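Worksheet: the structure to be examined is printed underneath.
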Amino acid sequence: MPYTHELEFKVRDYECDMQGVVNNGVYQNYLEHARHEYLLARDIDFARLTAAGTDLVVVRAELDYKKSLTSKDCFIVRSHLRQASRIRFEFEQEIYRLPDETLMLSARITGTSVNAKGRPYLPPELAALFTSVYSRRVISADVTTSKPTKGKVLAHRASCKSIDSFSNSLLL
85 MPYTHELEFK VRDYECDMQG VVNNGVYQNY LEHARHEYLL ARDIDFARLT
135 AAGTDLVVVR AELDYKKSLT SKDCFIVRSH LRQASRIRFE FEQEIYRLPD
185 ETLMLSARIT GTSVNAKGRP YLPPELAALF TSVYSRRVIS ADVTTSKPTK
235 GKVLAHRASC KSIDSFSNSL LL
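Residue numbers (the numbering used here): 85 to 256.
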């Protein structure tokens, strides 16, 4: 799968459960944040969409847990967006532990958007991603600044970045 976005994280202690591994629900936060950054790197802003009466929503989440992350592990979320139907889109995402690139989780998140009347539709901003050459380039983002870095990421960066600025927002 040619992923078109990468985002590095580091596991924080409070994300782990009593067994010392990342709680299964926390992985969805990682995936969600990576999806937000994916869209922001392509100038799609949730606040703008919401103000315009468009909400992006998850309608299905499929997560296949392979191995467990533990406290202070560095990892990368790789994402790719594709159009699944006229009004649905899917993010295919994988989480790899760094620096050994061990696959920890693979996921398929299906979403749609609804207008102010609650009717599903595909807003022009998203529709443009499915035909754009721009959407096929790998974009990495520095989670400490949320600034995208264009170009293919070839190797793990020397240090894992802190995700103190990590935040949850909308459903997608």
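All residues carry an ideal CB built from backbone N, CA and C; glycine is no exception.
Since this is a predicted model, take the numbers as computed values, not measurements.
Per DSSP, the unbroken alpha helix (DSSP H) holding Arg132 starts and ends at 130–135. With distances taken between CA atoms, Arg170 lies nearest to Gly195 out of Tyr122, Gly195, His89, Leu189.
For Ala211 and Glu146, the gap between their C-alpha atoms comes out near 23 angstroms.
Between Arg181 and Lys151, the gap from beta carbon to beta carbon is short of 9 angstroms. Excluding sequence positions up to five before and after Arg162, its CB lies within less than 6 angstroms of the CB of Tyr87, Glu90, Glu178, all in the same chain and listed in chain order.
For Ile160, the pairing in a beta bridge is given by DSSP as Glu92, Tyr180. Scanning its chain for C-beta atoms nearer than 6 angstroms, with the 5 sequence neighbours on each side dropped, one finds around Ala118 the residues Leu91, Val161, Ser163, in chain order. Under the three-state reduction of DSSP, Gln112 is assigned to helix.
In this structure, DSSP gives Pro204 an extended state, which the three-state scheme calls strand. If you ignore the 5 residues before and after Asp97, its C-beta comes within less than 7 angstroms of the C-beta of Ser155, all in its own chain and listed in chain order.
Classified as exposed, Val143 has fewer than 16 neighbouring CB atoms from the shown chains inside 10 Å of its CB.
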